[in-house]
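My numbering runs 36 ahead of the 1-based position in the sequence shown. Worksheet for the structure shown next.
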Amino acid sequence: MKSQEIRETFLTFFKQKNHQIVPSAPMVIKNDPTLMFTNAGMNQFKDLFLGNSPIKDKRIADTQKCLRVSGKHNDLEEVGVDTYHHTMFEMLGNWSFGDYFKKEAIEWAWELLVDVYKIDKNRLYFTVFEGDEEDGTPEDTEAFEIWKAILEKNGLTTDKILKANKKDNFWEMGDTGPCGPCSEIHVDIRSEEEIAKIPGKTLVNNDHPQVIEIWNLVFMEFNRMADGKLKPLPAKHVDTGMGFERLAMVLQGKKSNYDTDVFSPLTSKISSITAVPYKNTLDATLKTDVAIRVIADHVRAVAFSIADGQLPSNNGAGYVIRRILRRAIRYAYSFLNQKEAFIHQLVEVLSEQMGKFFPELVEQKTLIIQVIKEEEESFLRTLEKGITKFEDYIQQAKSKTIDGKFAFELYDTFGFPIDLTQLMATENGFHIDMPSFTHELEQQKN
Ligand code: SER
37 MKSQEIRETF
47 LTFFKQKNHQ
57 IVPSAPMVIK
67 NDPTLMFTNA
77 GMNQFKDLFL
87 GNSPIKDKRI
97 ADTQKCLRVS
107 GKHNDLEEVG
117 VDTYHHTMFE
127 MLGNWSFGDY
137 FKKEAIEWAW
147 ELLVDVYKID
157 KNRLYFTVFE
167 GDEEDGTPED
177 TEAFEIWKAI
187 LEKNGLTTDK
197 ILKANKKDNF
207 WEMGDTGPCG
217 PCSEIHVDIR
227 SEEEIAKIPG
237 KTLVNNDHPQ
247 VIEIWNLVFM
257 EFNRMADGKL
267 KPLPAKHVDT
277 GMGFERLAMV
287 LQGKKSNYDT
297 DVFSPLTSKI
307 SSITAVPYKN
317 TLDATLKTDV
327 AIRVIADHVR
337 AVAFSIADGQ
347 LPSNNGAGYV
357 IRRILRRAIR
367 YAYSFLNQKE
377 AFIHQLVEVL
387 SEQMGKFFPE
397 LVEQKTLIIQ
407 VIKEEEESFL
417 RTLEKGITKF
427 EDYIQQAKSK
437 TIDGKFAFEL
447 YDTFGFPIDL
457 TQLMATENGF
467 HIDMPSFTHE
477 LEQQKN
């Protein structure tokens, strides 16, 4: 099933269950001081959960552009190194605002995955919240019983239901705000031989690249207050989020999100421009593959942000975008031997592939290309000198600690975001003296 069809199938399924289909909210958030970027499908509905806005449609579904690069949900370090985390990704979601609750949410999730998408039911696992003493939240026996009934009806046992703690099964938007227990659906896409050796259930929530969470069903019941206490919400809601790229990997029988048709046009184009083959290996030490994945991922994040009106800049959300792009430029420079700007050429491929569903990419294409090109050219002017300086520094270093003053020089004179220097330090077995870097930064501000 092509990714376009996967997306359409999701939306049609929930439309048939009387959900209003709404467009994705912008990825860049302008009116919430607690959040720079949309990091979950539910962000745009925060005020509905909290009872601050009137509910018009009780059932909604959409695909939401998300960016997880800062704050509570930050996946940046994993991106490219593994095959299933992204900076920007689409989250397919269905919501109930004070309408249906656990039973329908769980039953429909099963129906869609098993009956419609035809995922092998034997490969699925389900987690439920085990409760938390400190918060005074009980074990979610209700979700357990609903899964149990479905499994028994389908000739399976409760072996497939796993209990998990607050870290994995109590979803929170941020330090404050709507939250609640959740039930996740995981899928095991390993080979039969591997499954025979190690049962999938022992690998759930263990960072295995082929035993992964695809869908999170959150049962919103509380508001986390600034003092850490939980206050019940005025009504109970459902917030679900399914990783579109991961779902595509499962349904297209691939072992990596980057091998699906969501990413392969980009990885092919990067290979053809750079003349570096993409080997499709899951080996994280193969730097050319990591670099190709990083660039394919990051160009999406940057292009969609610019389309949403967020240009790269030196502060706030703009600096987050600049950092992402500079990270991609440096990977291309160091591991794909790219000394000239080229990432902007990928925008054409991206808009061809995703512009139908996200027309802003087509409408803003010229601007996106121009901004990325200028950013590339500007950073490439100082990147080489900075890298040479960095290499000289670590060769002469007497310890494994990089002085904050030196990291600051890279930042200030050569435009190296600190997380880029951190990444290069880690690659070489070094770390940065961060208090001294922060001190330098403060000095400059004063
Ligand atoms: N809010 C939940 C998540 O982001 C489910 O949509 O995972």
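For each residue, glycine too, the CB sits at the ideal point set by N, CA and C. All figures in this text were calculated on a predicted structure; none of them were measured in a lab.
Span separating the alpha-carbon of residue i from that of residue j
i, j, result
"Ile-42", "Lys-290", "15 Å"
"Asp-135", "Glu-178", "17 Å"
"Thr-324", "Leu-266", "47 Å"
"Ile-225", "Glu-188", "23 Å"
"Lys-139", "Asp-295", "35 Å"
"Leu-47", "Met-127", "12 Å"
"Gly-465", "Ala-332", "26 Å"
"Glu-228", "Gly-167", "34 Å"
"Glu-388", "Met-470", "42 Å"
"Glu-376", "Tyr-314", "20 Å"
"His-334", "Ala-364", "6 Å"
Check whether residue i and residue j have beta carbons under 8 Å apart
i, j, result
"Leu-198", "Thr-163", "yes"
"Arg-336", "Gly-116", "no"
"Asn-535", "Lys-154", "It is not possible to answer for residue 535, since the shown part of the chain is limited to 37 through 482."
"Glu-281", "Pro-348", "no"
"Cys-215", "Phe-258", "yes"
"Gly-129", "Asp-243", "no"
"Gly-236", "Tyr-120", "no"
"Ile-250", "His-222", "yes"
"Gly-440", "Ser-472", "yes"
"Phe-393", "His-273", "no"
"Ala-327", "Leu-372", "yes"
"Arg-366", "Leu-322", "no"
"Gly-264", "Thr-70", "no"
Of the listed residues the options, nearest to residue i (C-alpha basis)
i, options, result
"Phe-125", "Ala-443, Thr-70, Arg-104, Ile-360", "Arg-104"
"Phe-49", "Ala-97, Phe-81, Ile-306, Thr-123", "Ala-97"
"Ile-248", "Ile-430, Lys-51, Arg-366, Arg-159", "Arg-159"
"Trp-183", "Phe-165, Asp-171, Glu-169", "Phe-165"
"Ile-379", "Val-298, Ser-304, Ala-61", "Ser-304"
"Ser-60", "Leu-403, Asp-344, Thr-462", "Asp-344"
"Ile-438", "Asp-204, Thr-418, Thr-424, Met-460", "Met-460"
"Phe-255", "Ile-231, Glu-229, Val-286, Asn-205", "Asn-205"
"Glu-476", "Phe-444, Asp-469, His-467", "Phe-444"
"Lys-426", "Lys-409, His-467, Lys-392, Glu-413", "Note on residue identity: the sequence assigns Phe, not Lys, to residue 426. Of Lys-409, His-467, Lys-392, Glu-413, the residue nearest in Cα terms is His-467."
"Ala-311", "Gly-213, Lys-203, Ala-368", "Ala-368"
"Phe-415", "Met-285, Asn-241, Asn-350, Lys-233", "Asn-350"
"Arg-95", "Leu-253, Thr-123, Glu-113, Lys-51", "Lys-51"
"Asp-118", "Ser-292, Lys-233, Asp-83, Asn-252", "Ser-292"
"Phe-180", "Asp-195, Asp-171, Glu-169", "Asp-195"
"Lys-202", "Glu-175, Thr-212, Gly-213", "Glu-175"
At what residue ranges does the region 212 to 290 contain a whole run of the beta strand (DSSP E), taking only runs of 3 or more? Runs of the beta strand (DSSP E) inside the region 212 to 290: 213 to 224, 247 to 260, 266 to 279.
Which whole runs of the alpha helix (DSSP H) in the region 338 to 379 are 4 residues long or more, in chain order? Correct list: 352 to 371.
Stretch pair the region 389 to 400 + the region 433 to 453: three plus CB contacts closer than 8 Å: Using a C-beta cut-off of 8 Å, the region 389 to 400 makes no contact with the region 433 to 453, since fewer than three inter-stretch Cβ pairs fall below that distance.
For the region 343 to 362 against the region 75 to 86, are there 3 or more C-beta pairs whose distance is under 8 Å? With a cut-off of 8 Å on Cβ pairs, the region 343 to 362 is not in contact with the region 75 to 86, counting fewer than three such pairs.
If we require 4 or more residues per run, which alpha helix (DSSP H) segments fall completely within the region 399 to 455? Within the region 399 to 455, the complete alpha helix (DSSP H) runs of at least 4 residues are 401 to 432, 440 to 450.
At least three beta-carbon pairs within less than 8 Å, the region 299 to 313 to the region 85 to 94: Here the region 299 to 313 does not lie against the region 85 to 94, with fewer than 3 beta-carbon pairs under 8 Å apart.
Note down, one range per segment and in chain order, each beta strand (DSSP E) of at least 3 residues found wholly within the region 89 to 114. Within the region 89 to 114, the complete beta strand (DSSP E) runs of at least 3 residues are 95 to 103.
Cβ pair count under 8 Å reaching 3, the region 379 to 391 against the region 402 to 409: As far as the Cβ criterion goes, the region 379 to 391 touches the region 402 to 409, which means the pair count is three or higher.
Mind listing, in chain order, the continuous alpha helix (DSSP H) runs of no fewer than 4 residues lying wholly within the region 50 to 95? The region 50 to 95 contains, as complete alpha helix (DSSP H) runs of 4+ residues, the segments 82 to 86 (chain order).
Please specify which runs of the beta strand (DSSP E), each continuous and at least 3 residues long, are wholly inside the region 175 to 206, giving them in chain order. Counting only runs that start and end inside the region 175 to 206, the beta strand (DSSP E) elements of at least 3 residues fall at 197 to 200.
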